[in-house]
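**Student:** Residue numbers (the working numbering), protein chains in the order written: chain Y, 6 to 338; chain H, 10 to 327. Just so you know, even glycine gets a beta-carbon here, dropped at the ideal spot from N, CA and C. Owing to the predicted nature of the structure, the values given are computational and were not obtained by experimental measurement.
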């Protein structure tokens, strides 16, 4: 709201959570180190209300973000259902029974059966976990690669920056499907390898965000001070530059996770992603789409699970963005 | 300005060449147009040799792209083996079909996204804002194939079951007169627009909100300008800048053919041709499409950069 809010909290208090306690307290019963730090900070600041650290503020804001909480709870319950559900079922992932083909939902088969009588509930659960696993690995790898390359590009500038920026532009021109079809021939339909290919396609987004943040950080005095006191480039990047990009990167990771899950399901739908005998939510939709006119439910169930998962992940990302955005630091929501 | 445009276009030529080179090598490494011939090899040596000759398959993989570049310089794009027509001809006819759904989808999504983001930003946290933001969240979570399948099924099939009428065509292009085209493009345009409106309106809302909170907007209000003028003239101009980038990217993506949506609606555009070329190792067609989409990307990026200068005269292009 008011413009002054940015300056209320001094920059240093951002890190007060990670700060080493000012004095060490022996193991006194009923008086933990945390309490001591708490009282100490009260005394030092001379405030009745202990100033909240950035981490604590973020957590408070996140907790009050109802959508984010909803997303988190939804995601956890979907994952739990995917893990626990198949254990309660009598059927396994690829056990078929042609006599029971194309059944509708019943107490025996919760989501019905497919064309060769495989239980669709178990398949959806397994496919969902497979999709989530690929999404998670791809998002993490893309984040690490994107953060490092973006930081290196911005930090060193010049020739390095030019090269990495052109690489990003190049990946914008080459269609994702080509990269995927070329790689998938070498890498196969294995989950981990597919995740690597997806990460190769998606690191550019993070790299661009990180590059922008680092460009402004590297001009600040404390970086020069660190260099002047003899810190190596690697140390400056890892200790002094990268901790500052954690906020934007965490937000990007959740948003990226949603993108990866959609991309993976789309590729699997087109037949370029997960290969049988494995299944993901995308292949389940593709398998059922031929009979959509007679039996729309078989397309809708895996389809809606993709939508639900991505929705939860995006809610989570939105909440994280509001919580970690320093500009909304003092707002109550 | 003219010098700037020429310089920008020239600077992208190497990038496009590298992209095409990488695509050529990548596809040559993973596919072999002679795949069907190996089984019958002693008998069909002639056919084998013809294809080897046509695709320069006896040349090293890393050198092969240069023959393609050489023929490109002479204006030759080669022949599409999967469709059986010259690539230039395929790009022209398929490109038209793609444009038939890309242009309406782009215009509709841009207009709606703009109206929604202005509405949501002006009435932040109102019921309407929550409603539209919620819808955008929902739309954003839909993979294109799920949305297209649902739209095709509901409007193309279930409507007929419920009411006994068939207002929309669920597949392929049937006619050439404007009314028939309008009927055929409705559903694909609808599925594409929903996706793009969801993505753009969230972005536009944030951009509009940021602009509306700036000092010069307060000044404009304080000096007594009508609210309509403040929003649509003073604020919109600045809020549009990030949106223009997004629109440039969207339009080039749409014109390059949406593989999933066009395939599901059996629309004879660039998308299905591309995916078929990919599966059939139709290297000339793929390279042609990559060249076209790459040029779209470069061109509309340039247009976006020029638009910045128009929207905000402080931005200098040189």
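Closer than 6 angstroms by C-beta to residue 134 of chain Y: which residues in its own chain qualify, once you throw out the five before and the five after it? Chain order, please.
**Tutor:** Correct list, in chain order: 87.
**Student:** Keeping to the same chain, check which residues put their C-beta closer than 6 angstroms to that of residue 278 of chain H; ignore five residues upstream and five downstream.
**Tutor:** Answer for residue 278 of chain H: 103, 106, 107, 266, 271, listed in chain order.
**Student:** By DSSP's criteria, residue 94 of chain H is part of a beta bridge. Which residues make up the other side?
**Tutor:** According to DSSP, residue 94 of chain H bridges with H:89.
**Student:** Count the C-beta pairs between the region 227-234 of chain H and the region 143-158 of chain H that are closer than 8 angstroms, then say yes if the count reaches three, no if not.
**Tutor:** No, because fewer than three Cβ pairs between the region 227-234 of chain H and the region 143-158 of chain H fall closer than 8 angstroms, the two stretches do not touch.
**Student:** What does residue 166 of chain Y reach in chain H if we use C-beta pairs closer than 7 angstroms?
**Tutor:** Simply none; closest approach about 16 angstroms.
**Student:** Is it right to say residue 13 of chain Y is buried, meaning 16 or more other beta carbons lie within 10 angstroms of its own, or is it exposed?
**Tutor:** At residue 13 of chain Y, the pLDDT of 37 sits below 50, so the modelled position is not reliable and the matter cannot be decided from this model.
**Student:** Cβ closer than 7 angstroms: which chain H residues qualify as neighbours of residue 300 of chain Y?
**Tutor:** What residue 300 of chain Y touches in chain H: nothing, since even the nearest Cβ is about 11 angstroms away.
**Student:** Ignoring anything shorter than 4 residues, give me the alpha helix (DSSP H) runs that lie fully in the region 31-75 of chain H, in order along the chain.
**Tutor:** Runs of the alpha helix (DSSP H) inside the region 31-75 of chain H: 54-63.
**Student:** Between residue 180 of chain Y and chain H, is there a C-beta pair that is closer than 9 angstroms?
**Tutor:** Judged by the 9 angstroms Cβ criterion, residue 180 of chain Y is in contact with chain H.
**Student:** Measuring only the C-alpha atoms, how far is residue 207 of chain Y from residue 149 of chain Y?
**Tutor:** Using only the alpha carbons, I get a separation of about 11 angstroms.
**Student:** Under 9 angstroms between beta-carbons, which chain H residues line up against residue 270 of chain Y? List them in chain order, please.
**Tutor:** Near residue 270 of chain Y (Cβ distances below 9 angstroms), the residues of chain H are 152, 154, 155.
**Student:** Can you tell me where the alpha helix (DSSP H) with residue 292 of chain Y in it begins and where it stops?
**Tutor:** From DSSP, the alpha helix (DSSP H) with residue 292 of chain Y extends over 286-293.
**Student:** What does the alpha-carbon distance come out to for the pair residue 303 of chain H and residue 264 of chain H?
**Tutor:** Answer to the nearest angstrom: the Cα atoms are 11 angstroms apart.
**Student:** Residue 290 of chain Y versus chain H: which residues are under 8 angstroms apart at the beta carbon?
**Tutor:** By Cβ distance, chain H contributes 154, 155, 158.
**Student:** Can you tell me the Cβ-Cβ gap for residue 294 of chain H and residue 92 of chain H, rounded? I've got them flagged as a contact below 8 angstroms.
**Tutor:** Right, their Cβ atoms sit about 7 angstroms apart.
**Student:** Helix, strand or coil: how does DSSP classify residue 124 of chain Y here?
**Tutor:** It is a strand residue.
**Student:** Just mark residue 47 of chain H as buried or exposed, buried being the case when its beta carbon has 16 or more other beta carbons within 10 Å.
**Tutor:** Looking at its Cβ environment, which holds fewer than 16 other Cβ atoms inside 10 Å, residue 47 of chain H is exposed.
**Student:** Mind listing which residues of the region 234-260 of chain H have their C-beta closer than 9 angstroms to chain A's C-betas, in chain order?
**Tutor:** No chain A appears in this structure, whose protein chains are Y and H.
**Student:** Taking residue 75 of chain Y as part of the alpha helix (DSSP H), name the residues at either end of that continuous run.
**Tutor:** First-last of the alpha helix (DSSP H) with residue 75 of chain Y: 71-93.
**Student:** Step through the CB atoms of chain Y and report whether any lies within less than 9 angstroms of the CB of residue 265 of chain H.
**Tutor:** Yes, contact with chain Y.
**Student:** What is the DSSP secondary structure of residue 185 of chain H, reduced to helix, strand or coil?
**Tutor:** Three-state result, residue 185 of chain H: coil.
**Student:** Any heavy atom of the ligand NAD closer than 8 angstroms to the beta-carbon of residue 64 of chain H?
**Tutor:** Among the components modelled here there is no ligand, and therefore nothing to report on the ligand NAD.
**Student:** Pick out whichever of Y:81, Y:221, Y:322 has its Cα sitting closest to the Cα of residue 257 of chain Y.
**Tutor:** Answer by Cα proximity: Y:322.
**Student:** Do you know how far the Cα of residue 137 of chain H is from the Cα of residue 313 of chain H?
**Tutor:** Taking the straight line from one Cα to the other gives about 31 angstroms.
**Student:** Starting from the beta carbon of residue 171 of chain Y, find every residue of chain H whose beta carbon is closer than 7 angstroms, and list them in chain order.
**Tutor:** Per Cβ cutoff of 7 angstroms: 24.
**Student:** Take the Cβ of residue 324 of chain H as the centre, count every other Cβ of all protein chains shown within 10 Å, and call the residue buried at 16 or more, exposed below.
**Tutor:** Residue 324 of chain H should be labelled exposed.
**Student:** Please confirm if residue 162 of chain H has its CB atom under 9 angstroms from at least one CB of chain Y.
**Tutor:** Output row for residue 162 of chain H: interface = yes.
**Student:** For residue 97 of chain Y, which three-state DSSP category applies?
**Tutor:** Coil, per DSSP.
**Student:** Taking a contact to mean a Cβ-Cβ separation below 9 angstroms, would you say residue 212 of chain Y touches residue 154 of chain Y in this structure?
**Tutor:** Yes, Cβ-Cβ distance for residue 212 of chain Y and residue 154 of chain Y is below 9 angstroms.
**Student:** Apart from the five residues just before and just after residue 77 of chain Y, which ones in its own chain have a Cβ nearer than 7 angstroms to its Cβ?
**Tutor:** Cβ within range, chain order: 321.
**Student:** Check the C-beta distance from residue 141 of chain H over to residue 125 of chain H and give it rounded, since I have them as a contact under 8 angstroms.
**Tutor:** Correct: roughly 5 angstroms between the Cβ atoms.
**Student:** Output the distance between the C-alpha atoms of residue 254 of chain Y and residue 151 of chain H, rounded to the nearest integer angstrom.
**Tutor:** One C-alpha to the other measures close to 24 angstroms.
**Student:** Near residue 28 of chain H, what residues of its chain come up, given a Cβ to Cβ distance below 8 angstroms and the 5 sequence neighbours on each side ignored?
**Tutor:** 299, 303, listed in sequence order.
**Student:** Quick one: give me the first and last residue of the alpha helix (DSSP H) that residue 256 of chain H is part of.
**Tutor:** Residue 256 of chain H -> alpha helix (DSSP H) spans 245-264.
**Student:** Do the region 219-235 of chain Y and the region 170-185 of chain Y meet, that is, are 3 or more Cβ pairs less than 8 angstroms apart?
**Tutor:** Segments in contact, no.
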